[in-house]
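>
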Amino acid sequence: RAKTPLAQPQRRRVARAIDAADREVVADHGNYEVCGEHAQRLGPTGWLVDELVNYYFNLLQERDAALVAMEPGRAPCHFFNSFFIPKLMGVDATSYNFAGVKRWTKRFDLFERRMMFAPVNVGNMHWCLVMADFEKKQVRYFDSMGASGQNYLNALLRYLKDEHQAKKGSPLPGDWTKVPTTRDTPRQMNGYDCGVFATFCAHYVSVGAPLEFSQRNIPHFRLRMMNDILEKKILM
């Protein structure tokens, strides 16, 4: 449904939000808030900021909860926010600190999840996505510019091993594999759309959809993100 065109009233509402004054609150939901200065980044050439990515990942979490409620037996996903990776790896992604994120899962068992997603802000210049697939026993990286993300894969797998040992008292079971950016990962053709690509990789993968989108879909996805933020839910 991500590619479904917006109706004219939706497009007008989205346009007003993107044109809002910097400090005007255009949407708030739970612990998340988007102001005009953030919404403006969903204009044609804006680089996404934490406020947009985290708000939308929260909506992905809520969509997943709704799908679980509708489908008995469906295992849930978990969506960390953009601060998880810096807490785990440092702001420059050159260190490792399990203690920094150990309490992030105190209210749930990560290993009862189907998938886990975390946005990656590389050098405050480029958005990517890292995820764990607990059914396939894989850690995967998605980079719309094609980098492998090996250091993030290494850190995430190490985290899973430490998390399992800390919470379960035993080594992480199974033979896990690290999957760097694959050839079919959609690629950006400019220097500013990375955040939209990373977000929609999570959007698609979390519901088992193939990554059948490309650069030509991104202008619409920007409007779709703003509409979903305003509606406080993702169309299912």
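Quick note on numbering: the sequence shown equals residues 32 to 267 in my numbering. Glycine residues also receive a C-beta, built at the ideal position from the N, C-alpha and C atoms.
1) How would you label Gly180, buried or exposed, when you count the other beta carbons within 10 angstroms and need 16 or more for buried?
2) With DSSP collapsed to three states, give me the class of Gln169.
3) Over the uninterrupted beta strand (DSSP E) stretch that includes Pro202, give me the two end residues.
4) Taking contact to mean at least 3 C-beta pairs separated by less than 8 angstroms, is the stretch 221 to 238 in contact with the stretch 52 to 63?
5) Let me know the secondary structure DSSP gives Lys118 once reduced to three states.
6) Tell me whether Asp224 is buried or exposed, calling it buried when 16 or more other Cβ atoms sit within 10 Å of its Cβ.
7) Can you give me the C-alpha to C-alpha distance between Phe228 and Thr76, rounded to a whole angstrom?
8) Report the option in Tyr87, Asp53, Glu82 whose CA atom is closest to the CA atom of Leu266.
9) With DSSP collapsed to three states, give me the class of Thr208.
10) Going by the CB atoms, is the gap between Val161 and Val170 shorter than 8 angstroms?
11) Suppose you measure from the CA of Cys108 to the CA of Gly131; what does that come to, to the nearest Å?
12) Using the three-state DSSP reduction, which class does Val56 fall into: helix, strand or coil?
13) Roughly how many whole angstroms lie between the Cα atoms of Ser201 and Val238?
14) From the DSSP output, in three-state form, read off Tyr87 for me.
15) Would you kindly work out how many angstroms separate the C-alpha atoms of Arg134 and Leu141, rounded to a whole number?
16) Give a yes or no on whether the C-beta atoms belonging to Val45 and Leu203 are separated by under 8 angstroms.
17) Specify the secondary structure class of Gln163 as computed by DSSP and reduced to three states.
18) Between which two residues does the beta strand (DSSP E) containing Val151 stretch?
19) Roughly how many whole angstroms lie between the Cα atoms of Pro36 and Phe148?
20) Alpha helix (DSSP H) containing Tyr235: first to last residue?
21) Taking the C-alpha atoms as reference points, what is the distance between Asp270 and Glu102?
22) Would you kindly report the start and end of the unbroken alpha helix (DSSP H) that includes Val65?
Taking the geometry as given:
1) Per the 10 Å Cβ criterion, buried.
2) Strand.
3) Pro202 -> no beta strand (DSSP E), and no H or E assigned at all.
4) Pairwise C-beta distances place the stretch 221 to 238 out of contact with the stretch 52 to 63, as fewer than three of them are shorter than 8 angstroms.
5) Annotated three-state conformation of Lys118 is helix, per DSSP.
6) By the C-beta density criterion, Asp224 is buried, having at least 16 other C-beta atoms within 10 angstroms.
7) Roughly 13 angstroms separates the two Cα atoms.
8) The closest CA to that of Leu266, considering only Tyr87, Asp53, Glu82, is found on Tyr87.
9) Reduced to three states, the DSSP call for Thr208 is strand.
10) Their beta carbons are under 8 angstroms apart, which means Val170 touches Val161 by this criterion.
11) Each residue's alpha carbon lies about 22 angstroms from the other.
12) In the structure shown, Val56 sits in a strand (DSSP, three-state: E or B).
13) Roughly 30 angstroms between the two C-alpha positions.
14) Helix, per DSSP.
15) So the two alpha carbons sit approximately 12 angstroms from each other.
16) The answer is no: Cβ separation not under 8 angstroms.
17) The question names Gln, but residue 163 in the sequence shown is Ala. In the structure shown, the three-state DSSP call for Ala163 is strand.
18) Annotation for Val151: the continuous beta strand (DSSP E) segment containing it runs 146 to 153.
19) Using only the alpha carbons, I get a separation of about 27 angstroms.
20) 225 to 236 is the extent of the alpha helix (DSSP H) around Tyr235.
21) Absent from the model: residue 270. The displayed extent of the chain is 32 to 267, so no value can be given.
22) No alpha helix (DSSP H) contains Val65, which is instead part of the beta strand (DSSP E) from 63 to 66.
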